[in-house]
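Chemist:
Chains as they are written, first to last, in this note's numbering: chain Y, 1 to 194; chain Z, 1 to 295.
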């Protein structure tokens with residue numbers, strides 16, 4: 001790594017930070033979220049860096065709901081995503097369809113997927129305890145749960161951490177907008193625990 | 001992987017940084033001139049000034065989404081903030097004039113409400129205001145890239161600054177406003193209707209902030225929370241420049257814009273504190289600001 005540059009949360013103008021990118025860098029990796037991510041991707045593009053350097057990022061840099069505003073500036077950015085509406089499995093297809101129908105055509109995002117997955121896990125655990133919901137029983141049952149969630153297969157390790165796939169995605173144009181197109185789908189590994 | 005932190009500033013192109021700092025400075029001028037003016041004339045520190053800037057950005061975004069061009073979006077954003085400012089002054093601030101604590105609380109109350117209303121209407125994700133296509137691209141300056149729009153912001157800022165200066169220094173209305181800054185009692189003795197004057201000056205300051213919101217849109221975006229972010233910057237600008245004068249707002253804005261840009265380029269790690277250091281120094285040495293009109 002040639003250099004690390006820290007910008008404060010809520011930075012309005014990234015220009016002076018971008019000026020510090022070493023000229024001999026081969027790639028840039030950015031960790032921003034929310035409004036900062038939107039502004040950063042746009043300014044990375046406007047100040048000419050997009051044409052010079054490939055940009056990689058943490059999932060929050062191009063998470064689905066930001067893509068509409070980041071627009072063309074986000075095209076080609078590579079990130080790791082825990083969820084994108086483009087994930088290709090049966091549960092997700094139905095989830096995306098049902099969600100769009102209930103929300104005026106807006107696709108679900110990572111947080112919606114987390115909520116839905118949490119509900120799936122609780123439902124599956126309650127099913128295995130036959131409705132008994134005492135803390136200890138339910139806790140044990142949750143650790144044994146295996147569900148096919150919208151983001152893929154979800155299980156728990158012996159510490160109670162979630163084991164789920166993560167995706168390597170590149171932002172691509174699709175129809176009138178942009179999507180996190182999945183480049184490598186999980187085949188068992190790689191997995192993440194948190 | 002080892003992290004090797006280069007100490008030198010890499011290949012910073014200082015020409016680009018100076019132009020960009022000026023550009024951000026003029027944006028700050030559009031933001032803070034109205035705040036300074038309404039404080040000078042009616043001694044109101046409007047904590048909703050950032051809210052007026054943000055509402056301009058949001059309205060400009062919506063008008064643009066509806067298919068209108070950038071100039072129309074600018075006018076609409078300015079008009080929305082103008083009307084909101086007029087209402088804020090006439091319905092609320094006029095009733096509590098002279099009571100500075102009540103004014104601070106009331107104007108801060110308005111910004112809280114406004115932020116919630118904005119989130120309800122426009123949602124929580126940041127919106128992108130597009131620059132007009134003829135100001136879209138980037139130019140190459142000695143090997144450094146600078147978006148054309150940043151240069152255009154300098155032009156917009158200069159136009160507004162010159163217009164404001166001529167209005168205040170060369171017209172009868174301007175001399176009345178300046179009279180209000182110096183001594184509003186005397187102004188009233190001469191038969192000037194302060195209620196009307198205050199409303200117009202406050203609304204005009206709001207309108208400039210709204211215009212700044214749209215013009216700043218292609219750089220900052222329009223987002224919930226913008227009102228607080230920009231209010232902090234505006235307060236730093238007017239503290240450094242001196243409340244109550246357009247020249248003060250201009251000097252403060254350009255100073256903060258350049259310090260922020262050049263300082264961050266040279267010492268990125270210190271960026272969070274850079275603009276506050278000169279503010280503290282100014283407060284210690286010249287508590288009324290560099291160019292305060294009234295002591």
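Ideal placement from N, C-alpha and C gives every residue a C-beta, glycine not left out.
Does the stretch 53–60 of chain Z come close enough to the stretch 254–272 of chain Z that 3 or more CB-CB pairs lie under 8 angstroms?
Modeler: The stretch 254–272 of chain Z is not in contact with the stretch 53–60 of chain Z.
Chemist: I think residue 30 of chain Z touches residue 207 of chain Z, with their Cβ atoms under 8 angstroms apart; what is that distance to the nearest whole Å?
Modeler: Your numbering for residue 30 of chain Z matches position 30 in the second chain. Your numbering for residue 207 of chain Z matches position 207 in the second chain. With 8 angstroms as the limit, residue 30 of chain Z and residue 207 of chain Z do not qualify as a contact, their Cβ atoms being about 11 angstroms apart.
Chemist: Roughly how many whole angstroms lie between the Cα atoms of residue 165 of chain Z and residue 121 of chain Z?
Modeler: Here residue 165 of chain Z is taken as the residue at index 165 of the second chain, counted from 1. Here residue 121 of chain Z is taken as the residue at index 121 of the second chain, counted from 1. Taking the straight line joining both Cα atoms gives about 36 angstroms.
Chemist: Alpha carbon to alpha carbon, how far is residue 189 of chain Y from residue 171 of chain Y?
Modeler: Walking along the first chain from the start, residue 189 of chain Y turns up at place 189. Walking along the first chain from the start, residue 171 of chain Y turns up at place 171. With a pLDDT of only 43 at residue 189 of chain Y, under 50, the local geometry of the prediction cannot be trusted, and the value read off the model is given with reservation. Spanning the two alpha carbons is a distance of roughly 22 angstroms.
Chemist: Tell me the rounded alpha-carbon separation between residue 243 of chain Z and residue 174 of chain Z.
Modeler: Your numbering for residue 243 of chain Z matches position 243 in the second chain. Your numbering for residue 174 of chain Z matches position 174 in the second chain. Approximately 17 angstroms, taken between the alpha carbons.
Chemist: I need the straight-line Cα distance from residue 195 of chain Y to residue 10 of chain Y, nearest angstrom please.
Modeler: The structure shown does not extend to residue 195 of chain Y, since chain Y is modelled only from 1 through 194, so no value can be given for it.
Chemist: Would you mind working out which of Y:44, Y:13, Y:36 and Y:34 sits nearest residue 28 of chain Y, comparing C-alpha positions?
Modeler: Taking the first chain and counting its residues from 1, one reaches residue 28 of chain Y at position 28. Among Y:44, Y:13, Y:36 and Y:34, the Cα nearest to that of residue 28 of chain Y is on Y:44.
Chemist: What did DSSP end up calling residue 175 of chain Y once you bin it into helix, strand or coil?
Modeler: Reading the first chain from its first residue, position 175 is the one you call residue 175 of chain Y. Correct three-state label for residue 175 of chain Y: coil.
Chemist: Determine, for residue 8 of chain Y, whether the minimum Cβ-Cβ distance to residues of chain Z falls below 7 angstroms.
Modeler: Position 8 of the first chain, counted from the start, is the residue given in the question as residue 8 of chain Y. Yes, residue 8 of chain Y lies at the interface with chain Z (some Cβ there is under 7 angstroms from its Cβ).
Chemist: Quick one: complete alpha helix (DSSP H) runs, 4+ long, within the stretch 22–98 of chain Z?
Modeler: Whole alpha helix (DSSP H) segments, 4+ residues: 49–65 and 70–87.
Chemist: Could you pull out every residue in the same chain whose Cβ sits closer than 8 angstroms to the Cβ of residue 46 of chain Y, ignoring the five residues on either side in sequence?
Modeler: Reading the first chain from its first residue, position 46 is the one you call residue 46 of chain Y. These residues qualify, in order along the chain: 73.
Chemist: Cβ of residue 30 of chain Y within 7 angstroms of Cβ of residue 66 of chain Y?
Modeler: Start at 1 with the first residue of the first chain, and residue 30 of chain Y comes out as number 30. Start at 1 with the first residue of the first chain, and residue 66 of chain Y comes out as number 66. Taking 7 angstroms as the Cβ cut-off, residue 30 of chain Y and residue 66 of chain Y do not qualify as a contacting pair.
Chemist: DSSP three-state label for residue 208 of chain Z, please.
Modeler: Along the second chain, read from residue 1 onward, the residue named residue 208 of chain Z stands at position 208. Correct three-state label for residue 208 of chain Z: helix.
Chemist: Pull the bridge partners of residue 79 of chain Y from the DSSP assignment, please.
Modeler: Here residue 79 of chain Y is taken as the residue at index 79 of the first chain, counted from 1. Paired residues: Y:57 and Y:169.
Chemist: Using the Cα positions of residue 4 of chain Z and residue 20 of chain Y, report the straight-line distance between them to the nearest angstrom.
Modeler: On the second chain, position 4 is the one that residue 4 of chain Z refers to. On the first chain, position 20 is the one that residue 20 of chain Y refers to. The pLDDT assigned to residue 4 of chain Z is 45, lower than 50, so where the model puts this residue is not dependable, and the model offers no usable value.
Chemist: Would you report the Cα separation of residue 333 of chain Z and residue 157 of chain Y, rounded to the nearest angstrom?
Modeler: Nothing can be reported for residue 333 of chain Z: it is not among the residues displayed for chain Z, which extend from 1 to 295.
Chemist: Please name the residue, chosen from Z:239, Z:44 and Z:138, that lies closest to residue 201 of chain Z on a Cα-to-Cα basis.
Modeler: Indexing the second chain from 1 puts residue 201 of chain Z at position 201. For the residues Z:239, Z:44 and Z:138, the minimum Cα distance to residue 201 of chain Z belongs to Z:44.
Chemist: In its own chain, which residues sit with a C-beta less than 8 angstroms from the C-beta of residue 265 of chain Z, not counting the 5 before and 5 after it?
Modeler: Position 265 of the second chain, counted from the first residue, corresponds to residue 265 of chain Z. Counting only Cβ-Cβ distances below 8 angstroms, and skipping sequence neighbours, we find 9, 12, 14 and 17.
Chemist: What is the residue span of the alpha helix (DSSP H) that residue 91 of chain Y lies within?
Modeler: Position 91 of the first chain holds residue 91 of chain Y. Residue 91 of chain Y -> alpha helix (DSSP H) spans 90–102.
Chemist: Which residues of the stretch 48–66 of chain Y have a Cβ closer than 7 angstroms to any Cβ of chain Z? Give them in chain order.
Modeler: Correct list: 48, 65 and 66.
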